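Engineer: This structure is in structure tokens; I'll ask about it shortly.
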Amino acid sequence: MGFKCLLSSRALLQVTGSVAHEFLQGLFTNDLRQLQHGGSLWGCFLHHTGRVMCDAYLYQSTRTPEGQVTIMIDVHCGVADTLLEHLKEYRMRKKLEIRSAAEELVVVAAATIGNSISSCGDNAGSSPSSSSATYGGDQELSGPQGVDSFDTLAETFTDPRSFALPATLRKMIVPRKGAPPTLDSEKLYKKFLYAAGVGEGPEVFRPSKTLPFEANTDLLRGVSFHKGCYMGQELTHRTHVMLVTRKRTVPLFLQGELFDGKGGEKTPHVEGTLVIGNQKVGEVLTACGNVGLGLLRLNHVDITTRSFPGLSLSDGTTVDARIPEWWDEKELRKVLTKS
Numbered sequence: 001m002g003f004k005c006l007l008s009s010r011a012l013l014q015v016t017g018s019v020a021h022e023f024l025q026g027l028f029t030n031d032l033r034q035l036q037h038g039g040s041l042w043g044c045f046l047h048h049t050g051r052v053m054c055d056a057y058l059y060q061s062t063r064t065p066e067g068q069v070t071i072m073i074d075v076h077c078g079v080a081d082t083l084l085e086h087l088k089e090y091r092m093r094k095k096l097e098i099r100s101a102a103e104e105l106v107v108v109a110a111a112t113i114g115n116s117i118s119s120c121g122d123n124a125g126s127s128p129s130s131s132s133a134t135y136g137g138d139q140e141l142s143g144p145q146g147v148d149s150f151d152t153l154a155e156t157f158t159d160p161r162s163f164a165l166p167a168t169l170r171k172m173i174v175p176r177k178g179a180p181p182t183l184d185s186e187k188l189y190k191k192f193l194y195a196a197g198v199g200e201g202p203e204v205f206r207p208s209k210t211l212p213f214e215a216n217t218d219l220l221r222g223v224s225f226h227k228g229c230y231m232g233q234e235l236t237h238r239t240h241v242m243l244v245t246r247k248r249t250v251p252l253f254l255q256g257e258l259f260d261g262k263g264g265e266k267t268p269h270v271e272g273t274l275v276i277g278n279q280k281v282g283e284v285l286t287a288c289g290n291v292g293l294g295l296l297r298l299n300h301v302d303i304t305t306r307s308f309p310g311l312s313l314s315d316g317t318t319v320d321a322r323i324p325e326w327w328d329e330k331e332l333r334k335v336l337t338k339s
């Protein structure tokens, strides 16, 4: 089983030039020295205050003229214009081309659930060997068939957060006109992420509001503590040293199937309050069907079961929230000790 989804919620920006790595190194939370030819990296762009502007994937294209570097930035379409303006503002006199590629290129996500795909390993950024011009596992996907020409056009990268997911997630960059007319619903992709406690986009990384660690940027290996200075680094480093992050994003499973009365799924109110008894302990950030993500105070977790006993929505709907297995036990205890 698996899926192949056109991610209509994503947009691509393109940074091209011989100093592309140097430029982004001063603006991105992760270490651009890990990003190699054909590789990928995930992290955040921050405001100078240390709060999130947006999360983003960086893909280094293999289809670049000699002597140049092209880095594709995969970001939620709702914050793409803001990020583009931000990048242009800090370009200064660097010889770079910074532009939107959203009109020409789209992002497709694919994963196979089963033994045919293994985890990515422990590196924060994917290695060049995990990327190719085509995706060889398509015959095992349960999605639409007849996409050979699409795969030939695609430039494929491994999602760097696959270590936290039940299967390796591939991201394919393809010309908009080359995308097949029928693909799986993007809802499959969202549920795949949410069920594992992995989020993206402004619902989870709320611009100018979210602190990077609240969205687990550190646990998802999206921030480097050894790269030196970058915008917003001071607060991030101080939080890391003091280990004070009282709220974090965790997966939510709402009781029962939720339908809209028309044969489709109903998504809960994404601003719902999460309570234990009469006490507010968090909030729903986003949901798709009965799977979602919430921001919860960690002092209410039962460390033995990794759950939040008695959790519900304010309307009484029972909610099961559990700390994902990819939260390392040692790190979990460190986090909870200072929460």
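Everything in the sequence shown is counted per the UniProt record's numbering, starting at 1 for the first residue and increasing by one. Here a beta-carbon is modelled for each residue, glycine too, at the ideal position from N, C-alpha and C. Please read these numbers as outputs of a predicted model, since none were measured by experiment.
1. Would the beta-carbon of residue 99 fall within 9 angstroms of that of residue 235?
2. With a threshold of 8 angstroms, are at least 3 pairs of Cβ atoms found where one atom belongs to the stretch 186 to 204 and the other to the stretch 285 to 300?
3. Give the range of the beta strand (DSSP E) segment to which residue 55 is assigned.
4. For the stretch 270 to 280 against the stretch 170 to 179, do three or more pairs of beta-carbon atoms, one drawn from each stretch, fall closer than 8 angstroms, so that the two count as touching?
5. When the Cα atoms are used, what is the spatial distance from residue 208 to residue 38?
6. Kindly indicate which three-state DSSP category residue 228 falls into: helix, strand or coil?
7. Taking the beta strand (DSSP E) that residue 308 belongs to, which residues open and close that run?
8. Hey, could you find the ends of the beta strand (DSSP E) residue 22 is sitting in?
9. How close, in whole Å, do the beta carbons of residue 327 and residue 161 come, if the pair is a contact with beta carbons under 8 angstroms?
10. Buried or exposed, going by whether 16 or more other CB atoms sit within 10 Å of the CB of residue 14?
11. Give the straight-line distance between the Cα atoms of residue 152 and residue 105, rounded to the nearest whole angstrom.
12. Using the C-alpha atoms, what's the distance from residue 167 back to residue 113?
13. With distances taken Cα to Cα, identify the nearest neighbour of residue 242 among 16, 213 and 84.
14. Determine, using beta carbons only, whether residue 171 and residue 75 come nearer to each other than 9 angstroms.
15. Can you name, in chain order, every residue of its own chain whose Cβ lies under 6 angstroms from the Cβ of residue 31, other than the five neighbours on each side?
16. Identify the continuous beta strand (DSSP E) that holds residue 252 and give its terminal residues.
17. According to the neighbour-count rule (16 or more other Cβ atoms, all chains shown, within 10 Å of its Cβ), is residue 67 buried or exposed?
18. Which whole-angstrom value is the C-beta distance of residue 238 and residue 296, which I expect to be below 8 angstroms?
19. Could you check which residue in 48, 211, 318 and 72 has the C-alpha nearest to that of residue 244?
20. Mark residue 92 as exposed unless 16 or more other C-beta atoms lie within 10 angstroms of its C-beta, in which case mark it buried.
21. Confirm, please, whether the CB-CB distance from residue 111 to residue 12 is below 9 angstroms.
22. Candidates 63, 26, 54 and 77: which alpha carbon is nearest residue 16's?
23. Short of 6 angstroms in beta carbon distance, which residues of its chain neighbour residue 21, apart from the five on each side in sequence? Order them along the chain.
24. Leaving aside the five residues before and after residue 220 along the sequence, list all residues of the same chain whose C-beta is less than 8 angstroms from its C-beta, in chain order.
25. By how many angstroms is the C-alpha of residue 48 removed from the C-alpha of residue 58?
26. According to DSSP, simplified to helix, strand and coil, what is residue 212?
27. Which residues mark the beginning and the end of the alpha helix (DSSP H) in which residue 354 is found?
28. Quick one: Cα of residue 322 to Cα of residue 307, how far?
29. Distance check for residue 73 and residue 173, CA to CA, integer angstroms please.
30. Under a three-way DSSP split, which group does residue 129 fall into?
31. Taking the Cβ atom as the reference point for each residue, do residue 324 and residue 250 lie within a distance shorter than 9 angstroms?
Structural biologist: The answer reads as follows:
1. Counting from one through the sequence shown, the residue named residue 99 turns up at place 99. Counting from one through the sequence shown, the residue named residue 235 turns up at place 235. It is not a contact, given that the beta carbons lie outside the stated cut-off.
2. yes
3. Within the sequence shown, numbered from 1, the residue matching residue 55 stands at position 55. First-last of the beta strand (DSSP E) with residue 55: 52 to 60.
4. no
5. Here residue 208 refers to the residue found at position 208 of the sequence shown. Here residue 38 refers to the residue found at position 38 of the sequence shown. Taking the straight line from one Cα to the other gives about 31 angstroms.
6. The residue given as residue 228 occupies position 228 in the sequence shown. Residue 228 falls in the coil class under three-state DSSP.
7. As a working note, residue 308 is residue 308 in the sequence shown. Taken as a continuous stretch (DSSP letters only), residue 308 belongs to no beta strand (DSSP E), as it is neither H nor E.
8. Counted from its first residue, the sequence shown places residue 22 at position 22. Per DSSP, residue 22 belongs to no beta strand (DSSP E); it is in the alpha helix (DSSP H), 20 to 25.
9. Position 327 of the sequence shown holds residue 327. Position 161 of the sequence shown holds residue 161. No, residue 327 and residue 161 are not in contact; Cβ-Cβ is about 13 angstroms, not under 8 angstroms.
10. Within the sequence shown, numbered from 1, the residue matching residue 14 stands at position 14. Residue 14 comes out buried.
11. Along the sequence shown, read from residue 1 onward, the residue named residue 152 stands at position 152. Along the sequence shown, read from residue 1 onward, the residue named residue 105 stands at position 105. Cα to Cα, residue 152 sits roughly 14 angstroms from residue 105.
12. Against the sequence shown, residue 113 aligns to sequence position 113. Against the sequence shown, residue 167 aligns to sequence position 167. Each residue's Cα considered, the two are about 6 angstroms apart.
13. For the purposes of this step, residue 242 is taken as the residue at position 242 of the sequence shown. Checking every option, the nearest Cα to that of residue 242 belongs to 213.
14. Your numbering for residue 171 matches position 171 in the sequence shown. Your numbering for residue 75 matches position 75 in the sequence shown. No, these two residues do not count as a Cβ contact at 9 angstroms.
15. Position 31 of the sequence shown, counted from the start, is the residue given in the question as residue 31. Correct list, in chain order: 224 and 227.
16. To locate residue 252, count along the sequence shown from 1; it is residue 252. Unbroken beta strand (DSSP E) run through residue 252: 247 to 254.
17. Residue numbering aside, residue 67 sits at position 67 when the sequence shown is read from its first letter. When all chains shown are included, residue 67 counts as exposed.
18. Here residue 238 corresponds to residue number 238 of the sequence shown, with the count starting at 1. Here residue 296 corresponds to residue number 296 of the sequence shown, with the count starting at 1. With 8 angstroms as the limit, residue 238 and residue 296 do not qualify as a contact, their Cβ atoms being about 23 angstroms apart.
19. Here residue 244 corresponds to residue number 244 of the sequence shown, with the count starting at 1. That would be 211, whose Cα lies nearest to the Cα of residue 244.
20. Taking the first residue of the sequence shown as position 1, residue 92 is located at position 92. Exposed, by the Cβ-count rule.
21. As a first step, residue 12 is located in the sequence shown; it is residue number 12 there, counting from the start. As a first step, residue 111 is located in the sequence shown; it is residue number 111 there, counting from the start. Taking 9 angstroms as the Cβ cut-off, residue 12 and residue 111 do not qualify as a contacting pair.
22. The sequence position of residue 16 within the sequence shown is 16, counting from 1. Considering only alpha carbons, the answer is 63.
23. Numbered from its first residue, the sequence shown carries residue 21 at position 21. Cβ neighbours of residue 21 beyond the five flanking positions: 32.
24. Stepping through the sequence shown from its first residue, residue 220 is reached at position 220. Closer than 8 angstroms at Cβ, skipping near neighbours: 42, 161, 164 and 198.
25. Your numbering for residue 58 matches position 58 in the sequence shown. Your numbering for residue 48 matches position 48 in the sequence shown. Answer to the nearest angstrom: the Cα atoms are 21 angstroms apart.
26. The residue given as residue 212 occupies position 212 in the sequence shown. Looking at residue 212 - three-state DSSP - the assignment turns out to be helix.
27. Residue 354 lies beyond the residue range present for the chain, which begins at 1 and ends at 339; the question has no answer from this structure.
28. As a first step, residue 322 must be located in the sequence shown, where it is residue number 322. As a first step, residue 307 must be located in the sequence shown, where it is residue number 307. Spanning the two alpha carbons is a distance of roughly 4 angstroms.
29. Within the sequence shown, the letter at position 173 stands for residue 173. Within the sequence shown, the letter at position 73 stands for residue 73. Those two C-alpha atoms are separated by around 11 angstroms.
30. As a working mapping, residue 129 is identified with position 129 in the sequence shown. For residue 129, the pLDDT reaches just 34, beneath the cut-off of 50, and the residue's location in the model is therefore unreliable, although a value from the coordinates is still provided. Here residue 129 sits in helix by DSSP.
31. What you label residue 324 is simply residue 324 of the sequence shown in a count that begins at 1. What you label residue 250 is simply residue 250 of the sequence shown in a count that begins at 1. Result yes, Cβ atoms of residue 324 and residue 250 sit closer than 9 angstroms.
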